[in-house]
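J.: Going left to right, the sequence shown walks through residues 0 to 490 as numbering that gives the first Met the number 0 numbers them.
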Amino acid sequence: MKGMKGMSETKRVRTRFAPSPTGYMHIGNLRTALYTYLIARKNGGDFILRIEDTDQERYVEGAVDVIYKTLKMTGLNWDEGPDIGGPAGPYVQSERMGMFKEYAVKLVESGHAYYCFCDKERLDSLKKNEDGSTAIAMYDRHCRNLSKEEVQAKLDAGVPYVIRQKMPLEGTTTFHDEVYGDITVENSELDDQILIKTDGMPTYNFANVVDDHTMGITHVVRGNEYLSSAPKYNLLYEAFGWEVPTYIHCSPVMKDQSNKLSKRNGDASFEDLIAKGYLTEAVINYIALLGWAPKGEQEIFTLEELAQEFDISGISKSPAIFDPVKLKAINAEYIRRMTPEQFCEYITPYIRQYVKRDDIDFRVLASVLQPRTELFTDVEAQVDFIDALPEYDNALYCHKKMKTNEETSIEALRAVLPVLEELDNWTVEGVHEALFGLIAKLEVKNGWLLWPVRTAVSGKQVTAGGGVELCVILGKEETLARIRKGIEKLS
Ligand code: GLU
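1) Residues with a Cβ closer than 5 angstroms to any heavy atom of the ligand GLU, in chain order?
2) Residues in the same chain with beta-carbon distance under 7 angstroms from residue 233, minus the five sequence neighbours each way, listed in chain order, please.
3) What is the rounded straight-line gap between the Cα of residue 371 and the Cα of residue 285?
4) If you scan the stretch 428–457 from start to end, which runs of the alpha helix (DSSP H) of 4 or more residues do you find wholly inside it?
5) Quick check on residue 5: buried or exposed, where buried means 16 or more other Cβ atoms within 10 Å of its Cβ?
6) Pick out the complete alpha helix (DSSP H) segments inside the stretch 324–361, 4 residues or longer, and give them in chain order.
7) Determine the direct distance from the alpha carbon of residue 227 to that of residue 183, and round the result to whole angstroms.
8) Beta-carbon separation of residue 275 and residue 197 under 7 angstroms?
9) Under three-state DSSP, which class holds residue 164?
10) Looking at the structure shown, is residue 273 part of a helix, part of a strand, or coil, going by DSSP?
11) Does residue 23 come out as helix, strand or coil in the three-state DSSP assignment?
12) In the DSSP assignment, find the alpha helix (DSSP H) that holds residue 279 and state where it starts and stops.
13) Give the range of the alpha helix (DSSP H) segment to which residue 121 is assigned.
14) Would residue 14 and residue 32 be called neighbours here (beta carbons separated by less than 7 angstroms)?
15) Apart from the five residues on each side of it in sequence, which residues of its chain come closer than 7 angstroms, Cβ to Cβ, to residue 191?
16) Where in the stretch 455–490 do unbroken runs of the alpha helix (DSSP H), each at least 4 residues long, occur, reported from the N-terminal end onward?
17) Could you have a look at residue 12 and say whether DSSP puts it in helix, strand or coil?
18) Could you tell me the alpha carbon to alpha carbon distance between residue 26 and residue 298, rounded to whole angstroms?
19) Quick check on residue 253: does DSSP put it in helix, strand or coil?
20) So, residue 209 versus residue 102, is the Cβ gap smaller than 7 angstroms?
21) Does the separation of the CB atoms of residue 20 and residue 87 fall below 7 angstroms?
22) Does DSSP classify residue 176 as helix, strand or coil?
23) Give a yes or no on whether the C-beta atoms belonging to residue 367 and residue 485 are separated by under 7 angstroms.
24) How about residue 482 and residue 412: are their beta carbons less than 7 angstroms apart?
25) To which residues does DSSP link residue 246 through a beta bridge?
26) Measure from the alpha carbon of residue 239 to the alpha carbon of each residue in 253, 199, 213 and 224, then state which is nearest.
27) Identify the continuous beta strand (DSSP E) that holds residue 50 and give its terminal residues.
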């Protein structure tokens, strides 16, 4: 057992993400992983992945893979873990089961734990009040004062037992959390919790403490649902003579003021967000800000920048409300910062869901979409006119500001048609030059000519890009066909 001796000021920072494999990555858990990772990176320490698979009610197929996949995708690379090993392995809790009982027995020997032989019936009776109603189930410490001989006799007779933590009966326990400050509880309120179960296996709380210590963890980042267990954890560390790690409990991620973000509303998991078209980097950036405030005004951070900037003192204890509007704005910012080539590559599969034609100028399409795309999955309404011209009403040609109506529009389209028929340089520059040349020649306003073109080729009132770009996206043949159709409709 390592004592406090030898722990110098410069102790290497070691953090761990200890997820239970549930089959999906809740946003709150991903945030825990991120903060854990950032603390390790900021301090030049180690980020460890430990799979806590022992308190699972049932095995979820592929659940561990979800954890690996998410961490890899988000760039939260671990230094030690089940797949890559390390000096403190094994890193899967169920593979560590053999060691815990020994530790518990040491606590019995040092007077910090005791054998309890109470059977189920007796324990159940404690949970009932005399009138049959359910009582607060604190163990009544029945076995706490059995004599050494009594204990030995029962052990020899093979009576099933658990090992319980011997909580102090008086006084208080104070623990420090970096986010919540000092928290003090009355020892008399602490249950003599079970450390080792009848089957010889550790309880979750016990395994967690022993694992953290034996893995040399210096900073424990976790959800605040574990705050109430922290005093018991502290008493265990003290009983062993181990150094208590730095605690960083994070407030829950909320859907609104009173409801936690839950898997049921379809927004709670990383996978949901990716399926909705959010960029991994944007999600990570947003999650970093979900309960942590940077010192300056900057809001857009790469993972490397976060590792520099992150500071535990910026973590807030008030619950963080998940704000889809803010996430979308951050996503849009990431999209705007992409190079046109990157954007084109990303958006193409989304466009392809709605556009099957092959003769489309994807480069131009992407360039008009980039400034107005907040989310890749929003692309449908921007491209739904490409494969086939939608049915549209001639009223669309009437635009007050552009001073267009059905008569002016047919006139404009008739003038445009031969010019475009003649045009060989079917590029943004070429079409631009041709249409603006015509505008100059006819001495008309831009909108007088461009609005009808845009309407005829898209059949829509609102489009990404103007008439010129739409013509180039659709290609010459399709553009001409749609303009002819427009003339016909207006005739
Ligand atoms: N396995 C726990 C969970 O997934 C983590 C507890 C901890 O970090 O201490 O909630």
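Backbone N, C-alpha and C define an ideal beta-carbon position, used for all residues, glycine too.
Just so you know, these numbers come straight off a predicted model, no measurement behind them.
T.: Here's the rundown:
1) 17, 18, 19, 51 and 221
2) As a first step, residue 233 is located in the sequence shown; it is residue number 234 there, counting from the start. The residues are 172, 174 and 243.
3) Position 372 of the sequence shown holds residue 371. Position 286 of the sequence shown holds residue 285. Distance between the alpha carbons of residue 371 and residue 285: 20 angstroms.
4) 445–457
5) Position 6 of the sequence shown holds residue 5. Only weak support exists for where residue 5 lies, its pLDDT of 44 falling under 50; the coordinates are left without a value.
6) 339–351
7) Within the sequence shown, numbered from 1, the residue matching residue 183 stands at position 184. Within the sequence shown, numbered from 1, the residue matching residue 227 stands at position 228. About 10 angstroms.
8) In the sequence shown, counting from the first residue as 1, residue 275 sits at position 276. In the sequence shown, counting from the first residue as 1, residue 197 sits at position 198. Taking 7 angstroms as the Cβ cut-off, residue 275 and residue 197 do not qualify as a contacting pair.
9) Along the sequence shown, read from residue 1 onward, the residue named residue 164 stands at position 165. Three-state DSSP puts residue 164 in a strand.
10) Numbered from 1 along the sequence shown, position 274 holds the residue referred to as residue 273. Correct three-state label for residue 273: helix.
11) For this step, residue 23 is matched to residue 24 along the sequence shown. Reduced to three states, the DSSP call for residue 23 is coil.
12) Within the sequence shown, numbered from 1, the residue matching residue 279 stands at position 280. Segment 279–288, the alpha helix (DSSP H) holding residue 279.
13) Along the sequence shown, one-based indexing puts residue 121 at 122. Run containing residue 121: 119–125, per the alpha helix (DSSP H) assignment.
14) Numbered from its first residue, the sequence shown carries residue 14 at position 15. Numbered from its first residue, the sequence shown carries residue 32 at position 33. No, the Cβ-Cβ distance between residue 14 and residue 32 is not below 7 angstroms.
15) By one-based count along the sequence shown, residue 191 stands at place 192. Cβ within range, chain order: 138, 140, 143, 163, 164, 165 and 166.
16) 466–473 and 475–489
17) Here residue 12 is taken as the residue at index 13 of the sequence shown, counted from 1. Correct three-state label for residue 12: coil.
18) Counted from its first residue, the sequence shown places residue 26 at position 27. Counted from its first residue, the sequence shown places residue 298 at position 299. Between residue 26 and residue 298, the C-alpha separation is close to 19 angstroms.
19) Against the sequence shown, residue 253 aligns to sequence position 254. Strand.
20) Taking the sequence shown and counting its residues from 1, one reaches residue 209 at position 210. Taking the sequence shown and counting its residues from 1, one reaches residue 102 at position 103. Against a cut-off of 7 angstroms, the Cβ pair of residue 102 and residue 209 comes out as a contact.
21) Here the question's residue 20 lines up with position 21 in the sequence shown. Here the question's residue 87 lines up with position 88 in the sequence shown. In this structure, residue 87 does not lie closer than 7 angstroms to residue 20 by Cβ.
22) One-based indexing of the sequence shown puts residue 176 at position 177. Strand.
23) The sequence position of residue 367 within the sequence shown is 368, counting from 1. The sequence position of residue 485 within the sequence shown is 486, counting from 1. No, the pair does not count as a contact, with Cβ atoms beyond the cut-off.
24) Here residue 482 corresponds to residue number 483 of the sequence shown, with the count starting at 1. Here residue 412 corresponds to residue number 413 of the sequence shown, with the count starting at 1. Contact flag set, yes.
25) On the sequence shown, position 247 is the one that residue 246 refers to. 176 and 219, per the DSSP bridge assignment.
26) The residue given as residue 239 occupies position 240 in the sequence shown. Measuring from the Cα of residue 239, the nearest candidate turns out to be 213.
27) As a first step, residue 50 is located in the sequence shown; it is residue number 51 there, counting from the start. First-last for residue 50: undefined, no H or E at that position.
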